[in-house]
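J.:
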Amino acid sequence: MKKVRTRTTVAIGLIIIFLLGYMVVDTMGPKLSEFSILLNILGMVNVVLIVILVFMILRGVIKPYLEGRGFPSLNLSLRTKMVSLTFLLVVVPATVIVGMGTVIIYNILDNWHNPELVTVMKSAGEIVSRYETTVAKETAHYARVLGEEVTLDLLNSPKNLPHFLKLRLERYGLSSIELYRNGQMIAMIRDEKLPIQSLAPASANWMKQLQKGEPFHDVLSLPTGSYVRFGSLMPLGEGIEDRYMVVTGRFIVRNLANQLDQLTTAAQRYQETQRSIQSLKTFNVSSLLLIAIIAVFSGTWAGLKFTDDFLKAFNLLLNGTERVSRGELDFGIEVRGKDEMGRLMQSFNEMIDQLRTHEQELRLRAIELESVNQFLESKKHYFEAVLDALPVGVISLNSFGNIFSMNRFSREMLGIRGRVEEGTRFTALLPDEGGAGQLKQLVAQVTLDPEPSVRQSIAFDTREGIRTTDVTLTMLRDQMGEEIGFLIIVEDITQLEQAQKTLAWKEAVRRIVHELKNPLTPIKLATERIQFAARKGSNRLQEVVLDSIEPMLEEISAMQSLIENFSRYAKMPPPKLEDVSVHDLLDETINLLEKAGGRVTFRRMYAEQLPLQKLDRALMKSAFLNIFRNAIAAMEADSDGTITIKTIYFAAGHRVQVEISDTGKGIDPLIREKIFIPYFSTKAKGDGLGLAIVQNIITAQNGHISVKDNYPRGSTFVIDLPVV
Numbered sequence: 060m061k062k063v064r065t066r067t068t069v070a071i072g073l074i075i076i077f078l079l080g081y082m083v084v085d086t087m088g089p090k091l092s093e094f095s096i097l098l099n100i101l102g103m104v105n106v107v108l109i110v111i112l113v114f115m116i117l118r119g120v121i122k123p124y125l126e127g128r129g130f131p132s133l134n135l136s137l138r139t140k141m142v143s144l145t146f147l148l149v150v151v152p153a154t155v156i157v158g159m160g161t162v163i164i165y166n167i168l169d170n171w172h173n174p175e176l177v178t179v180m181k182s183a184g185e186i187v188s189r190y191e192t193t194v195a196k197e198t199a200h201y202a203r204v205l206g207e208e209v210t211l212d213l214l215n216s217p218k219n220l221p222h223f224l225k226l227r228l229e230r231y232g233l234s235s236i237e238l239y240r241n242g243q244m245i246a247m248i249r250d251e252k253l254p255i256q257s258l259a260p261a262s263a264n265w266m267k268q269l270q271k272g273e274p275f276h277d278v279l280s281l282p283t284g285s286y287v288r289f290g291s292l293m294p295l296g297e298g299i300e301d302r303y304m305v306v307t308g309r310f311i312v313r314n315l316a317n318q319l320d321q322l323t324t325a326a327q328r329y330q331e332t333q334r335s336i337q338s339l340k341t342f343n344v345s346s347l348l349l350i351a352i353i354a355v356f357s358g359t360w361a362g363l364k365f366t367d368d369f370l371k372a373f374n375l376l377l378n379g380t381e382r383v384s385r386g387e388l389d390f391g392i393e394v395r396g397k398d399e400m401g402r403l404m405q406s407f408n409e410m411i412d413q414l415r416t417h418e419q420e421l422r423l424r425a426i427e428l429e430s431v432n433q434f435l436e437s438k439k440h441y442f443e444a445v446l447d448a449l450p451v452g453v454i455s456l457n458s459f460g461n462i463f464s465m466n467r468f469s470r471e472m473l474g475i476r477g478r479v480e481e482g483t484r485f486t487a488l489l490p491d492e493g494g495a496g497q498l499k500q501l502v503a504q505v506t507l508d509p510e511p512s513v514r515q516s517i518a519f520d521t522r523e524g525i526r527t528t529d530v531t532l533t534m535l536r537d538q539m540g541e542e543i544g545f546l547i548i549v550e551d552i553t554q555l556e557q558a559q560k561t562l563a564w565k566e567a568v569r570r571i572v573h574e575l576k577n578p579l580t581p582i583k584l585a586t587e588r589i590q591f592a593a594r595k596g597s598n599r600l601q602e603v604v605l606d607s608i609e610p611m612l613e614e615i616s617a618m619q620s621l622i623e624n625f626s627r628y629a630k631m632p633p634p635k636l637e638d639v640s641v642h643d644l645l646d647e648t649i650n651l652l653e654k655a656g657g658r659v660t661f662r663r664m665y666a667e668q669l670p671l672q673k674l675d676r677a678l679m680k681s682a683f684l685n686i687f688r689n690a691i692a693a694m695e696a697d698s699d700g701t702i703t704i705k706t707i708y709f710a711a712g713h714r715v716q717v718e719i720s721d722t723g724k725g726i727d728p729l730i731r732e733k734i735f736i737p738y739f740s741t742k743a744k745g746d747g748l749g750l751a752i753v754q755n756i757i758t759a760q761n762g763h764i765s766v767k768d769n770y771p772r773g774s775t776f777v778i779d780l781p782v783v
């Protein structure tokens, strides 16, 4: 209904405007020319179209704001931009074209009004007029001359008159000469070369006019040219009853006549054009403006139509996306047209169908996942119960060092009460002192410089006392070999260590007893020999005593050395700590061995900017010297043995690691764990206290020593020292 009402209003307005225009034209009709009426009609049409154009644009832009047809603010802004852009794209080119066309029209019409051209056209008209006047005057002049030359005798001589007229025809350049008496032709001479032979003589009306004494002038248009004739009464004197008339004619050929006619017509038209030059300008500019207004009207209407159609489709899609964002999927939008927007709507409906299908699948998957999660949760609680029941600590960390799981034994060992939330930073739970601090440094060290597996003995102060543990930190990898985290196993070896110490002391006592029994036998034999000689009263008693005392003293000296070594191992003096460089200690020890000679090559792989450490210089040199001598002894059969010394600084863990590797025969894995037990030795002449003393020296300075295989052969001693 609104559309019908609007169209009716527009139609009535147009009818009123046209009626007013008709009344104006009808009222001023008698005063206006046809051309002026056309100009007024064009002007009214332009005004009507401009009014319609402005109305249409204002209606298309303002109406949505006033009526509020459900357009979102985004659509209104977009609509205004699109309508404005469409109007500019149409108006700007049309304005440029109208402006350029107006300039061109004015230049052309102004060139038509060139003063020189006006002078030329006027001169051409005057030339034509003068030429025709001259021809007419000459024809009339020769008619009068002939009237005076022809005598009455000549007129009465039929033989001489034609010859005379022919001569005068050629002399005066005439085309024809006609003589009449009382309206009757008596003689006629015409140029045979001209197409005037079939022309009729002068008419009776002309004869009557001549008999009255009035000359006549006539111009006859022929297909081949123009024929000018002039007639006059011949003055033959008084007393003659008959009246004689002479008619002379001159023929103007077609080319010249046409050119004269064209010049005349052009001059007349040009003069008429000059009088209406301003009207022509107005007419052409009005016509151009009419075309431009029609173009602007059509373009703007098309733009508004496209904008409405586009925004309707856009609004449908916008509402659809908002409904989808709210979770509504049980709907579809109406597809309008088969163009790109229609395909977009079709794609939107297909997307909603796919989302609906995926939502159903996700719901089914969610149900399945919920059941799986419940199953996994039960499994998780089961495995947590299993881990809590284990007599070892199990801690799993992700690749960032955050806790994934931590069983009860490890929490008790670290003094952590209650459960730990998954994802907690492991190192944030541990203090910097004690066994927990050592574990914290170990984790930080491995996090920065990952190794497949690290093992270290750490003592923890728990509510049950000091507990010695064997901590193993292993890197976890997935099936693709990518690092996914770490696994920490904390095994309580307090009882095992005590058993090993008991076993070690038993072995030490057994070795000591064995070592003491060996020298006691020769001492007993020597004593019995002296006793036998003394009882017998032998003269060689002094000699026997002297011979027996020397081996007794040697055996006693060996027993004393054994006791001193054992005392040195059992009663290690406290280390005298000072700031020293591990590199300096290693270099001093290596220089001492190199001066002693040998075929062994020392290869240094030192870390850069190694910090100073609080160590006992003498004890550390003694420990390094013992390890180097064992390495040299292991490479006695190798002519080109190499000892590699490598240092590594772990800044985050505040640790320095020294690795001493040889290329010897290596250590049997079965006895590798026994090499640090007192009096255990693989050498025939060894006392078995060297590596035990080295371990005591390293442990006394809060360090740790271990041994592993060297690739491809040999052994590697790893010494881990703290940086205070």
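The opening residue of the sequence shown carries number 60 in the numbering used here; numbering runs sequentially from there. We put the CB at the ideal spot given by N, CA and C, even for glycine.
Name the two residues that bound the continuous alpha helix (DSSP H) containing S280.
T.: No alpha helix (DSSP H) holds S280; the beta strand (DSSP E) holding it covers F275 to L281.
J.: Buried or exposed for E418, please, with buried defined as at least 16 other CB atoms from any protein chain shown within 10 angstroms of its CB.
T.: exposed
J.: Which residue's Cα is closest to the Cα of G401: L375, M103, A425 and L414?
T.: L375
J.: Report the residue from M266, I353, I248 and A751 whose alpha carbon sits nearest the alpha carbon of G308.
T.: I248
J.: Output the distance between the C-alpha atoms of H763 and F735, rounded to the nearest integer angstrom.
T.: 12 Å
J.: Starting from N215, follow its DSSP beta bridges and name the residues at the other end.
T.: DSSP, once it has assigned bridges, lists no residue as partnering N215.
J.: Please return the same chain residues whose Cβ sits closer than 8 Å to the Cβ of L636, not counting the five positions on each side in sequence.
T.: K673, L674, D675 and Q760.
J.: Kindly confirm or deny that the stretch 580–597 and the stretch 535–553 touch, where touching means at least three C-beta pairs closer than 8 Å.
T.: no
J.: Please identify the residue among D169, G474, T580 and K724 whose C-alpha is closest to the C-alpha of G700.
T.: Checked all of D169, G474, T580 and K724; the closest Cα to G700 is K724.
J.: Taking 7 Å as the cut-off, is the C-beta of S406 nearer than that to any heavy atom in the ligand ADP?
T.: Looking for the ligand ADP in the displayed structure turns up nothing, as the structure carries no ligands at all.
J.: List the residues that DSSP assigns as beta-bridge partners of R484.
T.: Paired residue(s): N461.
J.: Helix, strand or coil for M244? Go by DSSP, reduced to three states.
T.: For M244, the secondary structure class from DSSP, reduced to helix, strand or coil, is strand.
J.: Evaluate contact between the stretch 348–358 and the stretch 387–395, counting only Cβ atoms and requiring at least three cross-stretch pairs below 8 Å.
T.: no
J.: Can you give me the Cβ contacts of G773 inside the same chain, cut-off strictly under 7 Å, excluding the 5 residues immediately before and after it?
T.: S720, D721, T722, G723 and G725
J.: Give me the Cβ distance between N461 and V453, rounded to the nearest whole Å; I'm assuming they're in contact under 8 Å.
T.: That belief does not hold up - the Cβ atoms of N461 and V453 are roughly 16 Å apart, past 8 Å.
J.: Do S469 and F463 have their CB atoms nearer than 8 Å?
T.: no
J.: Since A518 is in the beta strand (DSSP E), which residue starts that stretch and which ends it?
T.: S512 to T521
J.: Identify every run of the alpha helix (DSSP H) within the stretch 639–697, keeping only runs that are complete inside it and at least 4 residues long; order them along the chain.
T.: Inside the stretch 639–697, DSSP marks whole alpha helix (DSSP H) runs of 4 or more residues at positions 641–654 and 676–693, from first to last along the chain.
J.: What does DSSP give as the partner residue(s) for Y303 in the beta ladder?
T.: Partner(s): R240.
J.: Distance check for L780 and D768, CA to CA, integer angstroms please.
T.: Each residue's alpha carbon lies about 20 Å from the other.
J.: Leaving out five residues before and five after S765 in sequence, what residues of the same chain have Cβ atoms less than 6 Å from its Cβ?
T.: Scanning its chain for C-beta atoms nearer than 6 Å, with the 5 sequence neighbours on each side dropped, one finds around S765 the residues V777, in chain order.
J.: Count the other CB atoms within 10 Å of the CB of M664; is the residue buried (16 or more) or exposed (fewer)?
T.: Exposed, since its Cβ has fewer than 16 Cβ neighbours within 10 Å.
J.: Could you tell me the distance, in whole angstroms, from the CA atom of L473 to the CA atom of I615?
T.: 52 Å
J.: Counting pairs of beta carbons, one from the stretch 641–649 and one from the stretch 678–693, are three or more of them closer than 8 Å?
T.: yes
J.: Answer yes or no: do F545 and L555 have a C-beta to C-beta separation smaller than 8 Å?
T.: For F545 and L555, no; Cβs fall outside 8 Å.
J.: Can you find the residues in the same chain that come closer than 6 Å, C-beta to C-beta, to D85, ignoring five residues on each side of it along the sequence?
T.: A caution first: D85 carries a pLDDT of 47, below 50, which makes its placement in the model unreliable, though a value can still be read off. Within the same chain, D85 has no close Cβ partners at all.
J.: Going straight from the alpha carbon of R658 to that of L579, what length do you get?
T.: 41 Å
J.: Run through the DSSP bridge pairs and tell me what L780 is partnered with.
T.: V715
J.: Roughly how many angstroms separate the alpha carbons of L507 and A710, rounded to a whole number?
T.: 9 Å
J.: With a floor of 3 residues, list each beta strand (DSSP E) that falls wholly inside the stretch 424–469, ordered by position along the chain.
T.: Within the stretch 424–469, the runs of beta strand (DSSP E) that reach at least 3 residues and sit entirely inside it are, in chain order, 452–457 and 462–465.
J.: Output the distance between the C-alpha atoms of A425 and F373, rounded to the nearest integer angstrom.
T.: Near 35 Å, if we compare the C-alpha coordinates of F373 and A425.
J.: Between I757 and the rest of its own chain, which residues show a CB-CB distance below 7 Å, the 5 nearest in sequence each way excluded?
T.: A682, H763, I764 and I778
J.: Tell me whether F434 is buried or exposed, calling it buried when 16 or more other Cβ atoms sit within 10 Å of its Cβ.
T.: exposed
J.: When you compare only the Cα positions, how much space is there between E443 and Q716?
T.: In a straight line, the C-alpha of E443 is about 36 Å away from that of Q716.
J.: Assuming L220 contacts L213 (C-beta within less than 8 Å), just tell me the rounded distance between them.
T.: Contact flag correct, Cβ pair sits at about 6 Å.
J.: Would you call the stretch 509–524 in contact with the stretch 480–491, where contact means no fewer than 3 C-beta pairs closer than 8 Å?
T.: no
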